[in-house]
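Just below is one structure, and these are the notes that go with it.
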Amino acid sequence: MAPRAHARPRLERRPLHLLLRLLAVAGLAIDAAVHARLADQYDPIGDSISQGTLFRAEAAAASLAALLLLLGRRRSAVLFAWLVAASGLGALLLYRYVDVGALGPLPNMYEPIWFTEKTLAAWAEGVATAALTVLLLLGLRRRTPPPG
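So for the sequence shown, the working numbering puts the first residue at 932; every next one is plus one.
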């Protein structure tokens, strides 16, 4: 089977993939650090599950995602990292702008203010989500057979 005329050589894509992975790793590492640092302050919020516990879970998931991105080039690692970054950003924005209230065992995490750590986490999660989205799209484009 002849290579597609518009396909880039593999070596030309490597720097872009590496840059996107490093951006995602940096974003996830910042996300993990911010959530781990703030967890103690949020321990009093919640009954069965505290907001501090959720922050620790986010820090652990972001750390694992960053580690998986560093150690391998599997699509599943990129997808897991995207889910962690995108869900973290989604939750941050939701609870910033909407008073959802308590959801089952989850505490009411509504906090209608921006402060330095929250802004940093939002930017980090946003950069990671964007970089990982491009990586996923590049992977889909590469696997899609040409029309015809």
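Beta carbons are placed, not taken as given, at the ideal position from N, Cα and C, and that holds for glycine.
From the DSSP secondary-structure annotation, give me the bridge partner or partners of Leu-1034. Here the question's residue 1034 lines up with position 103 in the sequence shown. Bridge partners of Leu-1034: Leu-1037.
Just to confirm the assignment, what range does the alpha helix (DSSP H) spanning Gln-982 have? Within the sequence shown, residue 982 is the residue found at index 51, counting from 1. Here the alpha helix (DSSP H) through Gln-982 covers 982-1002.
I need the straight-line Cα distance from Gly-1032 to Gly-1021, nearest angstrom please. Within the sequence shown, numbered from 1, the residue matching residue 1032 stands at position 101. Within the sequence shown, numbered from 1, the residue matching residue 1021 stands at position 90. Distance between the alpha carbons of Gly-1032 and Gly-1021 is about 16 Å.
What first and last residue would you give for the alpha helix (DSSP H) that runs through Arg-1006? Counting from one through the sequence shown, the residue named residue 1006 turns up at place 75. Per DSSP, Arg-1006 belongs to the alpha helix (DSSP H) from 1006-1028.
Reducing DSSP to helix, strand and coil, say where Glu-1042 ends up. Position 111 of the sequence shown holds residue 1042. Glu-1042 falls in the coil class under three-state DSSP.
At least three beta-carbon pairs within less than 8 Å, the stretch 988-1002 to the stretch 1035-1044: no
Taking only the alpha-carbon atoms, compute the straight-line gap between Leu-949 and Ala-1062 and give it to the nearest angstrom. Against the sequence shown, residue 949 aligns to sequence position 18. Against the sequence shown, residue 1062 aligns to sequence position 131. Roughly 10 Å separates the two Cα atoms.
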